[in-house]
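Visitor: Quick note on full-length UniProt numbering: the sequence shown kicks off at 1 and runs consecutively.
For every residue, glycine included, the Cβ atom is placed at its ideal position computed from N, Cα and C.
This is the structure, below, for whatever I ask next.
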Amino acid sequence: MSGDVDVAIIGGGLLGLATARAVLRAHPDASVTVLEKESRWGAHQSGHNSNVIHSGLYYAPGSLKARLARAGGEAMIRYCDEHGVPVKRTGKIVVATAEEQLPRMDALEARGRENGVTVQRLSRGEIAEREPHVAGVGALAVADTAMTDFGQVCRAFAAELTGLGADLRTNSPARSFTAAGDRTVVHTSTGEVRARIIVNCAGLHSDKIAEAAGHRPPVRIMPFRGEYAEIRPARRGLINNPVYPVPDPDLPFLGVHVTPMLDGTVHVGPNAVPALARQGYRWRDVDPRMLRELLLDPALRGLARRYWRYGLAEIGRSLVWPLFVREVRRMIPEINGEDLRRHGSGVRAQAVKPTGELVDDFVISHTPRAIHVLNAPSPAATSSLLIGSHIAAEAFDRLGLADLARDVRESPTGI
Ligand SMILES: Cc1cc2nc3c(=O)[nH]c(=O)nc-3n(C[C@H](O)[C@H](O)[C@H](O)COP(=O)(O)OP(=O)(O)OC[C@H]3O[C@@H](n4cnc5c(N)ncnc54)[C@H](O)[C@@H]3O)c2cc1C
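What follows is the structure, given as structure tokens:
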């Protein structure tokens with residue numbers, strides 16, 4: 001199969017699908033192809049996450065994350081409501097389990113308020129009222145957190161895109177790129193696509209796709225696995241709504257949290273351990289080529305220098321079950337090893353700077369004919385509708401459609 005299109009999108013996770021949707025809703029005559037290497041939509045990060053629609057509490061004021069999370073969360077809740085995807089406003093609490101965490105909790109509260117999030121402080125008694133089995137010396141309550149099923153959101157996006165006339169191709173990995181006049185030819189296993197603009201939403205492979213398309217990415221993707229446990233059915237009542245620890249401000253991860261899913265299961269996690277392959281869902285998934293490349297990369301040495309203490313502790317908790325259980329017991333003292341069992345994982349596409357610093361904010365790089373999403377970790381699922389609109393506006397700029405770009409920027413929720 002081959003074809004000339006306005007926009008070719010590589011990656012059928014939430015961001016690729018949301019971008020296609022934003023382009024076609026603003027410009028129904030545009031031709032858009034979405035290429036996904038797997039046999040289904042949302043097969044990686046978008047289908048392996050905590051399913052939390054975040055409120056915007058955590059993010060540095062002014063960052064792209066902060067700007068897109070608050071409104072993005074509200075847009076996602078509305079989208080789910082309107083498209084028959086389960087969604088529930090649960091709220092959540094962030095619990096300090098030791099006195100020394102209180103200053104960090106204060107800073108988080110101030111940040112949340114700056115981001116326009118409604119945050120309420122809870123006393124010990126109020127914590128006990130909401131979550132009788134949770135131990136905390138203080139907590140923040142956030143009302144605007146919700147739960148959904150992002151796998152179902154992907155399927156809803158895909159169904160909508162079929163109606164909008166998108167060319168949707170699963171089992172179609174983009175393998176290489178060549179230039180042909182004003183087009184970029186994307187070579188896939190199912191034929192060529194000749195596109196005026198390419199959008200790289202390839203998640204764990206996005207740095208490699210950028211390189212293949214002739215762009216030198218400013219960051220490298222390092223895969224960080226997040227492993228989950230599940231609370232056995234008889235003990236699910238230990239928790240009513242999502243409970244989070246106070247995060248370490250030096251890390252882009254939120255810490256192991258306890259999250260009741262909409263299907264009644266209760267998940268504990270994710271931790272953050274280095275994955276040994278881009279799709280390294282288990283310790284035994286090892287990609288020797290990726291590891292060789294990493295070992296030669298100064299970024300890895302920088303990363304190890306900065307975060308070795310945290311990294312070793314996380315690896316210990318991943319490999320030694322009682323250490324993981326001990327971590328969970330800090331928040332829920334009644335829980336024990338028999339109450340928990342391992343329950344799958346997801347792998348984060350985490351960008352790392354050449355210095356080894358983990359990148360916190362979203363990173364979207366541009367060239368005249370391509371847009372590369374090079375860091376879209378949590379809360380990118382929450383913000384996917386707005387990120388899609390943001391990318392669509394960039395694509396319209398490159399297609400010379402300034403009016404459409406302006407319209408999308410002025411009304412970005414896309415619902
Ligand atoms: C453990 C974990 C927990 C998380 N929890 C939350 C949460 O609760 N809330 C939240 O908002 N966010 C959360 N996130 C983040 C969120 O899941 C991601 O930010 C979001 O899914 C990113 O979407 P994406 O489309 O960029 O990436 P992905 O969903 O990974 O999609 C990329 C797609 O590109 C495809 N692809 C790769 N290479 C090629 C190629 N050559 N050709 C064609 N296709 C290709 C892949 O197969 C994949 O389907 C979590 C992430 C993880 C890993």
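As a quick exercise: from His257, Leu14, Pro173, Ala30, pick the residue whose alpha carbon is nearest that of aspartate 4.
Guide: Ala30
Visitor: Just curious, the alpha helix (DSSP H) that valine 328 is in, first and last residue?
Guide: 321–331
Visitor: Who are the Cβ neighbours of threonine 382 in its own chain at under 7 Å, not counting the five residues just before and after it?
Guide: Ile53, His54, Ala69, Gly72, Gly73, Met76
Visitor: Does the beta-carbon of tryptophan 308 have 16 or more other beta-carbons within 10 angstroms, so that it is buried, or is it exposed?
Guide: exposed
Visitor: Would you check if the distance between the CB atom of alanine 349 and the CB atom of phenylalanine 362 is smaller than 8 Å?
Guide: no
Visitor: May I have the straight-line CA-CA distance separating glycine 302 from alanine 212, to the nearest angstrom?
Guide: 25 Å
Visitor: With distance defined between alpha-carbon atoms, name the residue in Ala402, Arg216, Ala351 nearest to threonine 367.
Guide: Of the listed residues, the one whose Cα sits closest to threonine 367 is Arg216.
Visitor: Check for me: the beta strand (DSSP E) holding tyrosine 228 runs from which residue to which?
Guide: 220–231
Visitor: Report the partner residues of proline 245 according to the DSSP bridge assignment.
Guide: Note: proline 245 sits in a beta bridge opposite Val95.
Visitor: Is leucine 358 close to ligand 1? I mean its beta-carbon at under 7 Å from any heavy atom of the ligand.
Guide: no
Visitor: For the alpha helix (DSSP H) that contains aspartate 81, what are its first and last residues?
Guide: Where aspartate 81 is concerned, the enclosing alpha helix (DSSP H) stretches over 64–82.
Visitor: To the nearest angstrom, how far is the alpha carbon of valine 219 from that of arginine 235?
Guide: 43 Å
Visitor: Output the distance between the C-alpha atoms of aspartate 106 and glycine 203, rounded to the nearest integer angstrom.
Guide: 33 Å
Visitor: Aspartate 106 lies in the alpha helix (DSSP H); which residues open and close that run?
Guide: 102–114
Visitor: Residue range of the alpha helix (DSSP H) that histidine 390 falls in?
Guide: For histidine 390, the uninterrupted alpha helix (DSSP H) run begins and ends at 384–398, by DSSP.
Visitor: Please list, in chain order, all residues of the same chain as leucine 17 whose beta carbon is under 7 Å from its beta carbon, the five residues on each side excluded.
Guide: Val34, Trp41, Cys154, Phe157, Ala158, Leu161
Visitor: At what residues does the alpha helix (DSSP H) containing serine 206 begin and finish?
Guide: Serine 206 -> alpha helix (DSSP H) spans 206–212.
Visitor: So threonine 145 and proline 242 are in contact, right, with Cβ under 8 Å, and what is the actual spacing, rounded?
Guide: For a cut-off of 8 Å, the C-beta gap from threonine 145 to proline 242 is around 6 Å, short enough to register as a contact.
Visitor: On the CB-based measure, 16 or more other CB atoms within 10 Å of its CB, does serine 50 come out buried or exposed?
Guide: buried
Visitor: With a 10 Å radius around its C-beta and 16 neighbouring C-beta atoms as the bar for buried, classify valine 320 as buried or exposed.
Guide: Exposed, since its Cβ has fewer than 16 Cβ neighbours within 10 Å.
Visitor: Leaving out the 5 sequence neighbours to the left and right, which residues in its chain are closer than 6 Å to valine 268 when beta-carbon positions are compared?
Guide: Ala229, Val258, Val328
Visitor: Using only CA atoms, which one of Ser378, Phe396, Val408, Arg398 lies nearest to leucine 14?
Guide: Ser378
Visitor: Counting only runs that start and end within the region 253–302, where is the beta strand (DSSP E) found for 3 or more residues in a row?
Guide: Runs found: 257–260, 266–269.
Visitor: Is any heavy atom in ligand 1 found nearer than 7 Å to the beta carbon of glutamine 45?
Guide: Checking the Cβ of glutamine 45 against ligand 1 gives yes.
Visitor: Alpha carbon to alpha carbon, how far is alanine 8 from glutamate 192? Give it in angstroms, no decimals.
Guide: 11 Å
Visitor: Given this structure, state the Cα-to-Cα distance separating glutamine 120 from glutamate 131, to the nearest angstrom.
Guide: 15 Å
Visitor: Quick one: residues in its chain with C-beta nearer than 7 Å to the C-beta of proline 298, no 5 flanking neighbours on either side, listed in chain order?
Guide: Pro354
Visitor: CA-CA distance, glycine 181 and alanine 195?
Guide: 11 Å
Visitor: By the 10 Å Cβ neighbour count, where 16 or more other Cβ atoms means buried, how is leucine 108 classified, buried or exposed?
Guide: buried
Visitor: Once you ignore the five residues that flank arginine 89 on each side, which residues in its own chain have a CB closer than 8 Å to its CB?
Guide: Ile77, Ala143, Asp144, Thr145, Ala146
Visitor: Verify whether the separation of the beta carbon atoms of residue 440 and histidine 133 is less than 8 Å.
Guide: For the chain, the structure presents residues 1 to 415; residue 440 sits outside this window and is missing.
Visitor: Take alanine 370 as the anchor and find which of Ser206, Leu340, Asp403 has the nearest alpha-carbon.
Guide: Ser206
Visitor: Quick one: measure Cβ to Cβ for proline 223 and alanine 275, integer angstroms, because I've assumed they're closer than 8 Å.
Guide: 4 Å
Visitor: Report the option in Leu64, Gly84, Leu164 whose CA atom is closest to the CA atom of alanine 22.
Guide: From the listed residues Leu64, Gly84, Leu164, the smallest Cα separation to alanine 22 is found for Leu164.
Visitor: In three-state terms, what does DSSP make of aspartate 4?
Guide: strand
Visitor: Considering leucine 122, what are the terminal residues of the beta strand (DSSP E) in which it resides?
Guide: 119–122
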